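Enquirer: Under the numbering used here, the first residue of the sequence shown is numbered 920, with each subsequent residue one higher.
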Amino acid sequence: MFKKIAFFLFLVFLLSYCKPSTKTCSFIYEPKTTNLEWTAYKFTQMLGVKGSFKDVDVKGLKAGKTIEESVTDLTFSIKTSGVDTKLPERDAKLVKYFFAKLLKGETLEGKFQNVGLNKADLVLKINNEEKTIPLEYSIENETRVSLKTKINLLDWNAKEALDSLNAICKDLHTGTDGISKLWPDVEIKVVSTFQKKCE
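Shown next as structure tokens:
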């Protein structure tokens, strides 16, 4: 009888030991691994001018079973004084002659909504007005997220600010055709690597 009990206990131990462990993984946004890049356009032929922002404050960080779940409550605020085009003189003009002409132009605010498979809505607040922009994103190697979208600043009634910047940069925005042009179109790209933890 003792041998049967001992054998049974050994069998239970062996089965539990050999059973593959199931780990639960979670994902969380990591601001330090995020690169935000925007591209504005000048000249009639739309020559791109790239830039980014040094100061982005992200709130609502939380872990989720999926990347989509982890960003459902995420909001961000961008300080426009930290605009960075790698040319300090141009950065100063952007702050003084564009962002300063916007209502509450010290910050740009945003959040994500309706996050689904490879698609989401970006709610962006510029010039004290909120607009929703559809965007597409992709996920590589489980954690690397890339998204892009395009906006038209006229949708936020930013014509006065655009005209102000174009006036101060008239010569710099004049192409070979003799026309000074600053387009309202801006392309936005974000690449971020999320943290993945499995327990």
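The beta carbon of each residue, even a glycine, is placed where N, CA and C say it ideally should be.
Fair warning: this is a prediction, and the values are worked out from it, not measured in the lab.
In chain order, what residues of the same chain have a beta carbon less than 8 Å from the beta carbon of F995, not counting five sequence neighbours either side?
Expert: To locate residue 995, count along the sequence shown from 1; it is residue 76. V975, D976, V977, K978, E1028, G1029, K1030, listed in sequence order.
Enquirer: Use the C-beta contact count for N1046: other C-beta atoms within 10 angstroms, 16 or more gives buried, fewer gives exposed.
Expert: Position 127 of the sequence shown, counted from the first residue, corresponds to residue 1046. Buried is the call here.
Enquirer: Suppose you measure from the CA of K1078 to the CA of K1116; what does that come to, to the nearest Å?
Expert: One-based indexing of the sequence shown puts residue 1078 at position 159. One-based indexing of the sequence shown puts residue 1116 at position 197. Whole-angstrom Cα-Cα distance: 46 Å.
Enquirer: Could you tell me the alpha carbon to alpha carbon distance between I1087 and E1048, rounded to whole angstroms?
Expert: By 1-based counting over the sequence shown, the position of residue 1087 is 168. By 1-based counting over the sequence shown, the position of residue 1048 is 129. The straight-line gap from Cα to Cα measures roughly 25 Å.
Enquirer: To test your reading of the DSSP string, which unbroken beta strand (DSSP E) runs of 3 or more residues are found completely within the region 1003 to 1069?
Expert: If we require 3 residues or more, the beta strand (DSSP E) runs fully inside the region 1003 to 1069 come out as 1026 to 1032, 1038 to 1045, 1048 to 1059.
Enquirer: For the beta strand (DSSP E) that S971 lies in, which residues bound it at each end?
Expert: Residue mapping note: residue 971 aligns to position 52 of the sequence shown, counting from 1. Segment 966 to 972, the beta strand (DSSP E) holding S971.
Enquirer: Among residues of its own chain, excluding the 5 on either side of V1002, which ones have a beta-carbon nearer than 7 Å to its beta-carbon?
Expert: In the sequence shown, counting from the first residue as 1, residue 1002 sits at position 83. Cβ within range, chain order: G970, F972, D1010, L1013, V1014.
Enquirer: Pairs of beta-carbons, one from the region 1068 to 1075 and one from the region 1105 to 1112, closer than 8 Å: are there three or more?
Expert: Yes, they touch.
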